[in-house]
Amino acid sequence: MNMRQEQTGNRLLGKTAIVTGAAGGIGRSVTDLFTRNACNVLAVDLNESDLKKHVSSGGNSRSSHYVADVSTLEGNSGMVDAANERYGGVDILIANAGIEGHVKPLLDYDDAMFDHVMAVNVKGVWNGIRSVVPSMMERGGGSIVVTSSVAGLRGGMGLSAYCTSKHAVIGLMRSAAKEFASAGIRVNSVNPSPVETRMMRSLEQGMIPHDQEAAKHRITATIPLQRYAEPNEVAQVMMFLASDESSFVTGAVYTVDGGNTA
């Protein structure tokens with residue numbers, strides 16, 4: 000079954016989006032879908048080679064790339080400056096950059112890795128919001144979409160850092176939604192269950208090192224739709240939240256999980 004739908008139109012006409020984690024599976028799908036719907040996209044990632052390959056292969060003048068470490072304030076302010084210079088402002092932030100960390104028992108978890116996961120997954124979103132809001136205010140409003148996870152709604156064995164970070168960004172999202180509503184800035188989160196991306200290959204390897212297929216089967220068995228999501232299925236929900244179609248939606252958690260948390 001082909002889950003990639005060729006949605007081309009003007010749903011984001013006249014808007015500019017920053018997409019972080021743009022070299023990954025979800026980020027690539029968001030960039031492609033947004034540009035096909037008349038949006039300018041600044042694709043941001045720390046992985047310069049994959050980022051350039053993705054943006055240049057699209058053959059779309061609406062997208063350009065910017066290399067940044069979103070765990071730092073400098074990286075976030077730099078990407079906003081670049082979007083302002085190239086496109087005249089920012090209407091949408093897809094705060095999607097994230098790392099999985101290790102799959103290890105809590106008592107064995109490396110302190111430095113815990114800090115790294117929190118820096119990318121939480122501080123990256125916090126600094127992204129702080130950096131982009133002034134530009135959105137100048138435009139009269141905007142939409143911020145944070146990539147959380149079903150791991151932000153419940154615990155997971157061996158995933159203490161990742162689960163902590165994904166719970167944290169939901170609290171951050173809800174606080175920002177209340178703080179910036181009067182400025183016309185909406186803030187929501189998308190919480191996918193496993194998606195067919197590199198991150199899941201890493202997590203499967205961590206769960207059952209010598210049998211990733213068995214790990215995938217174990218995970219899939221917990222999903223009523225009996226499969227992982229395709230990246231484009233997550234991107235479509237993000238496009239709804241980024242667009243004016245969701246003009247009265249803010250502070251919300253959108254699960255894209257095949258019934259996983261039902």
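Numbered per numbering that gives the first Met the number 0, the sequence shown spans residues 0 to 261.
For every residue, glycine included, the Cβ atom is placed at its ideal position computed from N, Cα and C.
>> In this structure, how does DSSP classify I98 when only helix, strand and coil are distinguished?
In response: Here residue 98 corresponds to residue number 99 of the sequence shown, with the count starting at 1. Note: I98 maps to coil in three-state DSSP.
> How far does the beta strand (DSSP E) with V29 in it reach, from first residue to last?
Replying inline: One-based indexing of the sequence shown puts residue 29 at position 30. Careful: V29 lies outside any beta strand (DSSP E), inside the alpha helix (DSSP H) at G24 to T34.
> Relative to the alpha-carbon of I207, which residue among G24, A37, V102 and V29 has its alpha-carbon at the smallest distance?
Replying inline: Against the sequence shown, residue 207 aligns to sequence position 208. The residue with the shortest Cα to Cα distance from I207 is V102.
> Any idea if S246 is buried or exposed, counting beta-carbon neighbours within 10 angstroms, 16 or more meaning buried?
Replying inline: Position 247 of the sequence shown, counted from the start, is the residue given in the question as residue 246. Exposed, by the Cβ-count rule.
> Based on Cα-Cα distance, which residue from S130, Y161, Q6 and T254 lies nearest to D110?
Replying inline: As a working note, residue 110 is residue 111 in the sequence shown. If we check each option's Cα against that of D110, Y161 comes out closest.
>> Suppose the cutoff is 7 angstroms on Cβ atoms and the five residues either side in sequence are ignored; what does the same chain contact list for L152 look like?
In response: The residue given as residue 152 occupies position 153 in the sequence shown. So the list reads N190 and T260, once near-sequence residues are dropped.
>> By the DSSP assignment, the alpha helix (DSSP H) with D44 in it spans what residues?
In response: Counting from one through the sequence shown, the residue named residue 44 turns up at place 45. That residue, D44, is in no alpha helix (DSSP H); its beta strand (DSSP E) goes N39 to D44.
>> Can you tell me whether L12 is buried or exposed? The criterion is at least 16 other CB atoms within 10 Å of its CB, across all chains shown.
In response: Reading the sequence shown from its first residue, position 13 is the one you call residue 12. Burial call: exposed.
> Is the distance from the Cβ of S181 to the Cβ of K165 below 7 angstroms?
Replying inline: Locating residue 181 in the sequence shown gives position 182, where the first residue counts as 1. Locating residue 165 in the sequence shown gives position 166, where the first residue counts as 1. No, the pair does not count as a contact, with Cβ atoms beyond the cut-off.
>> Just to confirm the assignment, what range does the beta strand (DSSP E) spanning G141 have?
In response: Mapped onto the sequence shown, residue 141 falls at position 142. Its beta strand (DSSP E) spans residues G141 to T146.
> Below 7 angstroms between beta carbons: does that hold for V66 and N75?
Replying inline: Mapped onto the sequence shown, residue 66 falls at position 67. Mapped onto the sequence shown, residue 75 falls at position 76. Taking 7 angstroms as the Cβ cut-off, V66 and N75 do not qualify as a contacting pair.
> Based on Cα-Cα distance, which residue from G154, H64 and L72 lies nearest to P104?
Replying inline: Here residue 104 corresponds to residue number 105 of the sequence shown, with the count starting at 1. Of the candidates G154, H64 and L72, the one whose C-alpha sits nearest the C-alpha of P104 is G154.
> So what does Y65 bridge to, in DSSP terms?
Replying inline: Counted from its first residue, the sequence shown places residue 65 at position 66. In the DSSP output, where bridge partners are listed per residue, Y65 has V43.
> Curious, which full-length alpha helix (DSSP H) runs of at least 4 residues does the region 150-198 contain?
Replying inline: 159-179
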